Amino acid sequence: MSKKIIAGNWKMNLDYKNSLLLADKLSKILNIKKSRNEVVVFPDFSSLFLVSRIIKDSQIKFGSQDVAHKSLGAYTGEVSLESLKQLNCKYILIGHSERRQYFADTVLVADKLFNVIKNSKINPILCIGENLTERKKGITYKILDKQLEEAFSKLKPKDLENRNIIVAYEPVWAIGTGLVAETKDIILAHKKIKEKFSKMFSGKKIKEVKVLYGGSVNVDNFLNLQNLKEVDGLLIGGASLKAGDFLDIAYNF
Ligand code: PGA
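Residue 117 is where the sequence shown starts when you use the numbering used here, and the numbers rise one by one after that.
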């Protein structure tokens, strides 16, 4: 069975100094005792390089919170895929709901996914999820289908052969609010995402999509999602900022 992924999305919550401190704490403890899970952190761009150095000899992998839709070019303020490749990033978050909400980052999601798949070996983590209005209207699965279709619209089955594709199901209303989706709803949403993906892309060389859950996961609730075959890991925001809490989840999930 492949490893579950425990990913910490630091967002813009930590400045440079505190990012390095947290990376140092995590790597020191994980050096002494390893987790059976794949442990990943997503620092902000300014900390990415030094965090990567600090965790180099530990089991921690790192990723980028976003990427430009082109490999290189005149795109002021963006971070290029080429740089992320040279830094040895293993994962890239694409379409996180905060990007979609505050930076209108919806139109470029398909281009970003295309860029990462076609021009690198980095594993994309596509973030999708319904907002509260959509949930109340009962159109959650329609929204998830639509977001998947849009995100993968530029890719063909051949492009995805032998690639690790990861989707993070993050209900927008559960992010940073302390509200967690009910376990039965999470299981169903993950099943639907896996079904939809295999309808869109199937073939001998196409791996099953992994689906992570994200949205107010913490030390008090993560065990509800343990040992569920539909849940391939967790994407954790707030609780990933405290080394003790994050490690508790990384060791015990
Ligand atoms: P949260 O964030 O755990 O603070 O809700 C999760 C995320 O946005 O990835």
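Note that the Cβ used here is the ideal one computed from N, Cα and C, for glycine as well. Since this is a predicted model, take the numbers as computed values, not measurements.
In this structure, DSSP gives N368 a helical state, which the three-state scheme calls helix. In this structure, L351 has its CB closer than 8 Å to one or more heavy atoms of the ligand PGA. Distance check between S162 and each of G254, E346, G179 places G179 closest, using alpha-carbon atoms only. In summary, P240 is buried, with 16 or more beta-carbon neighbours lying within 10 Å of its beta-carbon over all protein chains present.
Under DSSP, F158 forms a beta bridge with N125. V335 and D221 have their C-alpha atoms spaced approximately 30 Å apart. The ligand PGA never approaches H185 closely enough for any of its heavy atoms to be under 8 Å from the residue's Cβ. Counting the other Cβ atoms within 10 Å of the Cβ of D131 gives fewer than 16, which makes it exposed.
Excluding sequence positions up to five before and after E298, its CB lies less than 8 Å from no other CB in the same chain. Taking 8 Å as the cut-off, one finds at least one heavy atom of the ligand PGA near enough to the beta carbon of K127. Within a 10 Å sphere around the beta-carbon of Y329 sit 16 or more other beta-carbons, which makes this residue buried. The beta carbon of K310 lies closer than 8 Å to those of E324, V325, V327, E346 in the same chain, with the five residues before and after it left out.
Per the C-alpha coordinates, the member of V232, L209, Q217 positioned closest to L188 is V232. When the five nearest sequence neighbours on each side are left out, no beta carbon in the same chain lies closer than 7 Å to the beta carbon of K274. Pairing E286 with K120, the inter-Cα distance amounts to about 17 Å.
Taken through DSSP and simplified to helix, strand or coil, V327 comes out as strand.
Contact check for V167 against I210 fails: the beta carbons are separated by 9 Å or more. Your pair Y257 and K308 checks out as a contact, with CB atoms roughly 5 Å apart and the cut at 8 Å. For L242, the closest alpha carbon among the candidates L224, D301, A355, L339 is that of L224. Listed in chain order, the non-local C-beta contacts of C205 below 7 Å within the same chain comprise F178, G179, S180, I238, local neighbours out to five positions each way being set aside.
Burial check for D348: the Cβ neighbour count within 10 Å reaches 16 or more, so the residue is buried.
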